[in-house]
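*Asks:*
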Amino acid sequence: MLTTKKTRLAWGLSLFFSLPQRIRNQLSFVIDLFFIPRAFVPSTKLCEEKGRTSFFKVLSLDPDHVVGVDEIKRAYRTMALQYHPDVCHPSRKEESTRMFVELNKAYKTLLDQTLAEDYDYEFHLREKEVRDGLERERWEEQLRELRKKSDCHMARKEGSWGSRLRAQHQ
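Using our numbering, read the sequence shown as starting at 1 and increasing by one per residue.
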């Protein structure tokens, strides 16, 4: 039996969707990393962090979807027409210039394979640091609760001052 690429793809997709959601999420991350050409930006939830705006947000792109080169170019052209310093109102020239510089940076980064990989890597590092910080806070809170419970237990075990005094004299 001869299989075509289409039937192999259909078989692979049916196998993929038969897996539990947790495993599909892990696999889709690996698939994004290794199998989607770098001309396509993998879907990542890039958010504003520490006052820095994500490049997806600068270009008004949806970070939840895989974005192609054409979509990046189209978004850049649309935003560039809106924020170009030569076409803006003179009162907004400084703000438009700043935004246009940010647009250029986002455009060049997302289109260049090496720069986009570096950007994704740095974002995931920042995301991991935030997640690790939250996990550490949760762990420290659990330790505080355990110490508090332990102190209460020890206080009940030792009893009151009077009961300890009576126990010594008996």
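We put the beta carbon where it would ideally sit given N, CA and C, even for glycine.
Owing to the predicted nature of the structure, the values given are computational and were not obtained by experimental measurement.
Which first and last residues belong to the alpha helix (DSSP H) in which Ser-163 is found?
*Replies:* It spans 161-169 - the alpha helix (DSSP H) in which Ser-163 sits, taken as one unbroken run.
*Asks:* Examine chain B for any beta-carbon lying closer than 7 Å to the beta-carbon of Val-66, and answer yes or no.
*Replies:* Within the model displayed, chain B is absent; a lone protein chain is all it includes.
*Asks:* Do the region 84-93 and the region 131-138 meet, that is, are 3 or more Cβ pairs less than 8 Å apart?
*Replies:* The region 84-93 is not in contact with the region 131-138.
*Asks:* Taking the straight line between their C-alpha atoms, what separation do you get for Arg-77 and Leu-19?
*Replies:* When rounded, the distance between both Cα atoms is 41 Å.
*Asks:* Check for me: the alpha helix (DSSP H) holding Ser-96 runs from which residue to which?
*Replies:* Residues 93-111.
*Asks:* Which term fits Leu-110, buried or exposed, when burial requires 16 or more other beta carbons within 10 angstroms of its beta carbon?
*Replies:* Buried is the call here.
*Asks:* For the alpha helix (DSSP H) holding Val-69, just list the boundary residues, first then last.
*Replies:* Here the alpha helix (DSSP H) through Val-69 covers 69-83.
*Asks:* Locate the alpha helix (DSSP H) running through Val-58, then write down its first and last residues.
*Replies:* It spans 55-58 - the alpha helix (DSSP H) in which Val-58 sits, taken as one unbroken run.
*Asks:* Taking the alpha-carbon of Lys-73 as reference, which of Ala-106, Met-99, Thr-114, Tyr-121 has the nearest alpha-carbon?
*Replies:* Nearest of Ala-106, Met-99, Thr-114, Tyr-121 to Lys-73, Cα basis: Ala-106.
*Asks:* Is DSSP giving Ala-120 helix, strand or coil here?
*Replies:* According to the sequence displayed, residue 120 carries Asp and not Ala. The answer is helix: DSSP assigns Asp-120 an H, G or I state.
*Asks:* Just the Cα atoms here: how many angstroms apart are Gln-168 and Ser-150?
*Replies:* Cα to Cα, the separation comes out at about 24 Å.
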